[in-house]
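Peer 1:
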Ligand SMILES: Cc1ncc(COP(=O)(O)O)c(C=O)c1O
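Residue numbers (this note's numbering): -12 to 299.
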């Protein structure tokens, strides 16, 4: 097995940029996680889960399986490939075909789980998790929803990277596994920041994020839930920010970035200090979805998301 250390210098240390068009109270800084090697925040968890397993000698079978709504699958496929491990991603059917293709291009196998395959199990990733629970004999399962290395990746990486750059009063992150919000959140809360976690309303499906009522709370999030000061629900109105941010900030953000930014604006309007919001992945993962919902990215209108931006 090839050791992972060759990747160590490339993970994290992503840019922290100050947004210019969202007012100054608070000043909003975005951490651009799509700058990680395989394109998302999940590179951090994937890398540290494999590294820890390698150090503990528990990747015995050279086979890895994980339930994922996309980005973790892409990251694990990339790192497994470079370690000479076989990787299988179990993904819910609502995940975009582009993600499946990306995993396969990186040498991973994919198993698609149809919504409702396991009645009463919850939606999306919960279905994939159940499949893995029943079919992973002979595999190493990182299990991002339970694995403490996911939390540690952010406690030891994302959090310090932010604190080294600025003095943070508010930290905002969407919750999937909860690793980002609680890991980086814990590090920053120990230094006085308030931690705001974001979940989509049940009506708003956001790849990578989980509505706790729909999908349940992950064991990892449950263990560290006390880190979170506020949990905010966001609806599809957030999508209007994709175009606005592209036009005004020159950043092409993914759906969960828009949700996290909407929460930052809504909840912290008028508050003094610095807010840091995590942008987990870029809009390139969602081009076909954006076209479907009518975002015209080639002809940006000067439409301003008035409800969200009132008073900013
Ligand atoms: C696009 C996107 N946003 C946000 C998250 C949430 O990150 P975490 O699992 O650390 O809560 C994920 C996780 O899969 C994601 O893929």
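Ideal Cβ positions, reconstructed from N, Cα and C, are used throughout, including at glycine.
Assign residue 21 to buried or exposed, taking buried as 16 or more other Cβ atoms, counted over all protein chains shown, within 10 Å of its Cβ.
Peer 2: Here the question's residue 21 lines up with position 34 in the chain shown. It counts as buried.
Peer 1: Among 1, 157, 190 and 162, which one has its Cα closest to the Cα of residue 178?
Peer 2: If you number the chain shown from 1, residue 178 lands on position 191. Ranking the options by Cα distance to residue 178, first place goes to 157.
Peer 1: If we count Cβ pairs, one from each stretch, closer than 8 Å, do we get three or more for the region 192 to 211 versus the region 248 to 261?
Peer 2: The region 192 to 211 is not in contact with the region 248 to 261.
Peer 1: Could you check the C-alpha separation between residue 23 and residue 270 for me, to the nearest Å?
Peer 2: Counted from its first residue, the chain shown places residue 23 at position 36. Counted from its first residue, the chain shown places residue 270 at position 283. Whole-angstrom Cα-Cα distance: 15 Å.
Peer 1: What number of angstroms, rounded off, separates the C-alpha of residue 231 from the C-alpha of residue 44?
Peer 2: On the chain shown, position 244 is the one that residue 231 refers to. On the chain shown, position 57 is the one that residue 44 refers to. If I take the Cα positions, the gap works out to 48 Å.
Peer 1: Beta-carbon within less than 7 Å of residue 8's beta-carbon, same chain only, minus the 5 sequence neighbours each way: which residues are those?
Peer 2: Position 21 of the chain shown, counted from the start, is the residue given in the question as residue 8. The answer, listed in chain order, is 235 and 236.
Peer 1: Using a 10 Å radius around the Cβ and a threshold of 16 neighbouring Cβ atoms, would you call residue 304 buried or exposed?
Peer 2: Because residue 304 is not part of the residues shown, which for the chain are -12 to 299, the question remains open.
Peer 1: Taking the alpha-carbon positions, what's the residue 213 to residue 205 distance?
Peer 2: Position 226 of the chain shown holds residue 213. Position 218 of the chain shown holds residue 205. For residue 213 and residue 205, the distance between alpha carbons rounds to 14 Å.
Peer 1: Looking only at its chain, what residues have a beta carbon closer than 7 Å to the beta carbon of residue 48, apart from the 5 residues adjacent to it on each side?
Peer 2: Residue numbering aside, residue 48 sits at position 61 when the chain shown is read from its first letter. Excluding residues within five positions, the ones whose Cβ falls inside 7 Å are 125, 126 and 127.
Peer 1: State yes or no: is the C-beta of residue 172 within less than 9 Å of the C-beta of residue 182?
Peer 2: By 1-based counting over the chain shown, the position of residue 172 is 185. By 1-based counting over the chain shown, the position of residue 182 is 195. Yes, these two residues count as a Cβ contact at 9 Å.
Peer 1: Compute the minimum distance between the beta carbon of residue 218 and the heavy atoms of ligand 1, and state whether it is under 8 Å.
Peer 2: In the chain shown, the residue the question calls residue 218 occupies position 231. Every heavy atom of ligand 1 is 8 Å or more from the Cβ of residue 218, so no.
Peer 1: Report the residue ranges of all alpha helix (DSSP H) runs contained in full by the region 164 to 213; include only those spanning at least 4 residues, in chain order.
Peer 2: For the region 164 to 213, whole alpha helix (DSSP H) runs of length 4 or above, ordered along the chain, are 166 to 176, 199 to 202 and 206 to 211.
Peer 1: So what's residue 160 in DSSP terms, helix, strand or just coil?
Peer 2: Residue 160 sits at position 173 when you count from the first residue of the chain shown. Strand.
Peer 1: Can you list, in chain order, the residues of its chain with a C-beta nearer than 8 Å to that of residue 219? Leave out the 5 residues immediately preceding and following it.
Peer 2: Stepping through the chain shown from its first residue, residue 219 is reached at position 232. Cβ within range, chain order: 183, 184, 185, 186, 250, 253 and 254.
Peer 1: Just verifying my parser: in three-state terms, what is the DSSP assignment at residue 19?
Peer 2: Here residue 19 corresponds to residue number 32 of the chain shown, with the count starting at 1. In this structure, residue 19 counts as strand in the three-state DSSP scheme.
Peer 1: Can you confirm whether the region 108 to 123 touches the region 78 to 90 when touching is taken to mean that 3 or more C-beta pairs between the two stretches lie within less than 8 Å?
Peer 2: A contact exists between the region 78 to 90 and the region 108 to 123.
Peer 1: Assuming residue 99 is part of the beta strand (DSSP E), what are its boundary residues?
Peer 2: Taking the first residue of the chain shown as position 1, residue 99 is located at position 112. Segment 96 to 100, the beta strand (DSSP E) holding residue 99.
Peer 1: Using 8 Å for Cβ pairs, my map puts residue 33 next to residue 62. What's the rounded Cβ distance?
Peer 2: Walking along the chain shown from the start, residue 33 turns up at place 46. Walking along the chain shown from the start, residue 62 turns up at place 75. Contact flag correct, Cβ pair sits at about 4 Å.
Peer 1: May I have the straight-line CA-CA distance separating residue 160 from residue 280, to the nearest angstrom?
Peer 2: Position 173 of the chain shown holds residue 160. Position 293 of the chain shown holds residue 280. Cα to Cα, the separation comes out at about 24 Å.
Peer 1: Beta carbon of residue 238, beta carbon of residue 282: below 9 Å?
Peer 2: What you label residue 238 is simply residue 251 of the chain shown in a count that begins at 1. What you label residue 282 is simply residue 295 of the chain shown in a count that begins at 1. In this structure, residue 282 does not lie closer than 9 Å to residue 238 by Cβ.
Peer 1: Which one of 217, 211, 221 and 166 has the shortest CA to CA distance from residue 191?
Peer 2: Here residue 191 is taken as the residue at index 204 of the chain shown, counted from 1. Among 217, 211, 221 and 166, the Cα nearest to that of residue 191 belongs to 221.
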